[in-house]
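Take a look at the structure below.
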Amino acid sequence: MRPPLRAVAMLAATAALVTACSSSDDWSQPHPAPSAIGTLGPGFVDPSTTPAPEATITPQPGSWADVHPPKDYRVVLLTAGDDNPTKALVKAVKEWADDEHVDLRTIVVGNAHDAVPSIAKAMEMGPDLIVSAGNDLIDALALVTPNHLDEKFLVVGAELAEPTHNVTSVDWDGASFRGEGLGMSSTYDPNSFTAERCANAIRAGVAAVLNDLTGIVVWL
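Whatever position you read off the sequence shown (first residue = 1), add 10 for the numbering used here.
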């Protein structure tokens, strides 16, 4: 029998470190539904059609640049692992949050066994978006996300094998880890996680989410 979400979230307190960045409130008050500031540029997606579930789109470089989140957009960053790709992704997300005045809180997952309760903790916080950075989170996300379709997730630098409509991923040649059962992609290259690509990943991914282009893979 699965324990209640609140009970699981309490367990996460011993497994995760929560920090806040640019926090302006305690997230306990009602919060307007976020909407994009600015519009997607030509070439982000074909305007004549809506991407099918689990589809992959390849936006033109920079076509997301004019889209910004509203001020105090509530985001939880879930991160696991101390490898260089994960560090690069985390740095990019934090820099994006500073630039965009996002209300960012971070949960650092100690090990893979703590991933599910840490995801539960993130959901309990009531964010507008949960961003995942680190391959160690993929299997846990695949387990949790189909059961919480009202929560929005963005995975940067990896993807779920069968994402539901609430999960959006941003990937590229050199990334695309999809879980332990599928193994590491033969094209995986940790050197592909450059500062520029990681910065583009969080910006393009958020632009997609804010425009309701979810449940897809954004390929850079």
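Beta carbons are placed, not taken as given, at the ideal position from N, Cα and C, and that holds for glycine. Since the model is a prediction, treat every value here as computed from it, not as a measurement.
Assumed close pair residue i, residue j - CB separation to whole angstroms, cut-off 8 Å
| i | j | result |
| --- | --- | --- |
| V103 | A75 | No, V103 and A75 are not in contact; Cβ-Cβ is about 17 Å, not under 8 Å. |
| V166 | L88 | Not quite, the Cβ-Cβ distance comes to about 11 Å (not below 8 Å), so this is no contact. |
| A168 | S179 | 7 Å |
| D138 | Y198 | About 31 Å separates the two Cβ atoms, so there is no contact after all. |
| V119 | L147 | 7 Å |
| V77 | A46 | 5 Å |
Same chain only: Cβ atoms within 6 Å of residue i, ignoring 5 sequence neighbours per side
| i | result |
| --- | --- |
| S33 | Below a pLDDT of 50, predicted positions are generally treated as unreliable, and S33, at 48, falls in that range; no measurement from the model is reported. |
| A209 | A102 |
| P42 | none |
Separation of residue j from residue i, as counted between CA atoms
| i | j | result |
| --- | --- | --- |
| T204 | M135 | 30 Å |
| E64 | D36 | 34 Å |
| L159 | L151 | 12 Å |
| N94 | P200 | 7 Å |
| I226 | P69 | 12 Å |
| D149 | T224 | 19 Å |
| K81 | N121 | 32 Å |
| V55 | I67 | 7 Å |
| G53 | P61 | 13 Å |
| T123 | P40 | Position check: residue 123 holds His in this sequence, whereas Thr was assumed. Rounded to whole angstroms, H123 to P40 spans 33 Å at the Cα level. |
Closest by C-alpha distance to residue i, when choosing among the options
| i | options | result |
| --- | --- | --- |
| V126 | W106, P137, L153 | L153 |
| I212 | V228, T197, D149, F187 | V228 |
| S186 | T174, S202, H175, N176 | S202 |
| V100 | T116, H111, D109 | T116 |
| M133 | V77, K97, V86 | V86 |
| P79 | A218, D124, A62 | A218 |
| G215 | R188, G72, A90 | G72 |
| E206 | E105, I47, P40 | E105 |
| A90 | D108, S58, A62, I129 | I129 |
| T96 | H123, N145, Q39 | N145 |
Terminal residues of the beta strand (DSSP E) in which residue i lies
| i | result |
| --- | --- |
| S179 | 177-181 |
| R115 | 113-119 |
| W229 | 227-229 |
| A143 | 139-143 |
| T89 | 84-90 |
| A166 | Checking the displayed sequence, the identity of residue 166 turns out to be Val instead of Ala. 163-166 is the extent of the beta strand (DSSP E) around V166. |
Contacting residues, own chain, Cβ-Cβ under 8 Å from residue i (five flanking each side not counted)
| i | result |
| --- | --- |
| N176 | T155, H158, L159, D160, E161, K162, F163, T224, G225 |
Bounding residues of the alpha helix (DSSP H) (the contiguous stretch that carries residue i)
| i | result |
| --- | --- |
| G215 | 205-220 |
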